[in-house]
Amino acid sequence: MPELPEVEALAAYLRERAVGHAITRVDVAAIGVLKTYDPTPLSLHGAVITGATRHGKFLDLDVGGIHLVAHLARAGWLHYRDKLPPAPPKPGRGPIALRVHLDDESGFDLTEAGTKKSLAVYLVRDPNEVPGVARLGPDALAVSEAEFTERIRSHRGQIKGVLTDQTVIAGVGNAYSDEILHVAKLSPFAIASRLNDEEIARLYGALRSVESDAVERSIGQGSATLKAEKRSGLRVHARTGLPCPVCGDLVREVSFADRSLQYCPTCQTGGKPLADRRMSKLIR
Ligand SMILES: [Zn+2]
């Protein structure tokens, strides 16, 4: 799932490669991904791309005042191609949801690989017309330590959930929250409002270092190599059963909400593995 660093890198890539070019055609292959009806995709034809940016995990392409905003969700991706096939993709088949052709024959596909179609594309005159963008909290790369502390402290939930709540802090998802909590040496199940000053300071430092290191590694990667780059930099996320790079203990996994999280017991939970609620329910 693309998070802040990957979306930031995609925006940087589009700034370099697509800004200044006119859109010649937009093919909508999966009508369900388009969440707005005015302006229409047709209104982009002939318009010049003037900017590319990011709001949390949303990608925003400015096409002369009309914004194409995409939320890649869990299985969405942007594939840039130097030479796009001229024929439109077949509707309802394959992963391509939307294809954007540019005036130099290049362009990009927005794809959705999951069975649960969650890729969402919006065409709006102001990015804040997208409900998910309007609700975003301060960006993970911009939030001050004072504001971060206040926001985290005001939530009584488990820190893993609070950190990935986009209305609290924008940009942190499932993968990097595992990494941030590992660097901060905090249990993912710690209650946010009960973290002491020293723990919050550690968490803030970890947020900034994990996200900015990942951005640094991601920028300059094309859309084809970004995912592998992300995977290679992870310490605990998606590494169940592998040694923790800090202490050598085995990375464990526990269910959280509708998915799972990874952590190191020695570094984060005083050596005690967390009880898996899903499992203990079964045992009982
Ligand atoms: Zn460890």
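So for the sequence shown, numbering that gives the first Met the number 0 puts the first residue at 0; every next one is plus one.
Don't be surprised by glycine CBs; every beta carbon is placed ideally from N, CA and C.
Three or more Cβ pairs closer than 8 Å define a contact, and the segment 98 to 106 falls short of that threshold against the segment 162 to 170. A distance below 8 Å between beta-carbons, with the five flanking residues on each side excluded, links Arg238 to the following residues of its chain, in chain order: Val250, Gln261. Judged by the Cβ position, Asp248 qualifies as a neighbour of ligand 1 at the 7 Å threshold, a heavy atom of the ligand being closer than this. Assigned with DSSP and collapsed to three states, Val27 falls in strand. By the CB criterion at 8 Å, Glu215 and Ala139 fall outside the cutoff.
Looking at the DSSP output, Arg251 bridges to Tyr262. Within 7 Å of the C-beta of Thr239 there is not a single heavy atom belonging to ligand 1. The beta-bridge partner set that DSSP reports for Ala205 is empty.
Remark: the C-beta of Val129 is outside contact range of ligand 1, defined as less than 7 Å to any heavy atom. For His181, the uninterrupted alpha helix (DSSP H) segment begins and ends at 173 to 182. With 16 or more other Cβ atoms inside 10 Å of its own Cβ, Thr110 counts as buried. In this structure, Thr265 has its beta carbon less than 7 Å from a heavy atom of ligand 1. Between the segment 82 to 98 and the segment 43 to 63, the count of Cβ pairs shorter than 8 Å is below three; the stretches do not touch. In this chain, Thr148 is not harboured by any beta strand (DSSP E); it is covered by the alpha helix (DSSP H) spanning 144 to 152. With fewer than 16 other CB atoms across the displayed protein chains lying within 10 angstroms of its CB, Ala223 is exposed.
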